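Presented below is the structure to which this report refers.
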Amino acid sequence: MPSSQYSSKRDANFCFPIPNALENDTIEIVPFIPSKHVEEFFSSSQDEKVWQYLPIGPFASPSEFASYWEKHIVSSDQHTLFVILDKTTLKEDGKSPYMAGMIGYMNSKAVDLVTEIAFVIVFPKFQQSHVASNAVGLLMHYALDLPENGGLGLRRVQWAAGTKNSASVRLAERMGFKIEGVLKWARILAPAKTIASNGGPERKGDPRAGCPSSDTALLAVYWDNWENGLREKVDQVMGRRIDSHM
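Note that full-length UniProt numbering has the sequence shown beginning at 1, numbered continuously upward.
Written out as structure tokens, the structure reads:
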């Protein structure tokens, strides 16, 4: 149920049109709206493993995440976030799908027709299911399909993941993304996130002493491989349904 404590506005500052929904027979992706989504998102993302490879989180309260969304997502025309709803698992009312995670477009530039699929969070109950591949596939379709087919007609879609986050890299590769290179010392992490660290030494006098760094694997797909078989490959992966466990 929507909460009046949080904003009921959706992101209207993204550089590309934001669809009201992207969906297939298993999931639906809708724009994140704090009043509708932030409390369920917060309660479902309490497992610290959800955040262990990300440079942000975990958040202390729903309002802290809502504030992050306002300051770092809505304020930039390069980013926007969506909620993933699993249509195969319904709540007690028999109508409302469970929230399965979150996903977004980041580092987007309309002038260059590029975006990045990022902020890929799948809650533990929905991992190793159809959710991640279908969510990524729907965002790939919207980004890479031509406007005449309901898409944006972008030329490049990239994916960035910490090199220690092997699950994220494998997901990207399964969806057809190819590695372009590794960015060394690309992200500074919170002191507790040593699992994502590149294990490198700390330089004497470092202004962020005590905070490890991660290296970033950069992967991408392009409009030309999308038009030459990748679209069909993505559709095949999306069709391999694995039931989620509730």
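C-beta: ideal position from N, C-alpha, C; glycine also.
From a predicted model like this one, the values you see are computed outputs, not experimental measurements.
Quick one: using the 10 Å Cβ neighbour count with 16 as the cut-off for buried, is residue i buried or exposed?
i: residue 171; result: buried
i: residue 182; result: exposed
i: residue 73; result: buried
i: residue 86; result: buried
i: residue 137; result: buried
i: residue 142; result: buried
i: residue 98; result: buried
In its own chain, which residues sit with a C-beta less than 7 angstroms from the C-beta of residue i, not counting the 5 before and 5 after it?
i: residue 104; result: 79, 80, 81, 82, 118 and 119
Please say whether residue j and residue i have beta carbons closer to each other than 8 angstroms?
i: residue 174; j: residue 237; result: yes
i: residue 284; j: residue 193; result: A query on residue 284 cannot be resolved here, the shown segment of the chain reaching from 1 to 246 and no further.
i: residue 44; j: residue 123; result: yes
i: residue 214; j: residue 190; result: no
i: residue 176; j: residue 234; result: yes
i: residue 158; j: residue 202; result: no
i: residue 14; j: residue 77; result: yes
i: residue 62; j: residue 51; result: no
In this structure, what does DSSP give as the bridge partners for residue i?
i: residue 116; result: 106 and 158
i: residue 122; result: 101
i: residue 309; result: With the chain covering 1 to 246 only, the question about residue 309 has no answer from this structure.
i: residue 86; result: 27 and 98
Quick one: what's got a C-beta closer than 8 angstroms to residue i's C-beta in the same chain, skipping five residues either side?
i: residue 7; result: 33, 34, 35, 66 and 70
i: residue 161; result: 53, 168, 169, 172, 216, 217 and 219
For this session: Quick one: which unbroken alpha helix (DSSP H) runs of 4-plus residues sit fully inside the region 147-211? Chain order, please.
Result: 166-174
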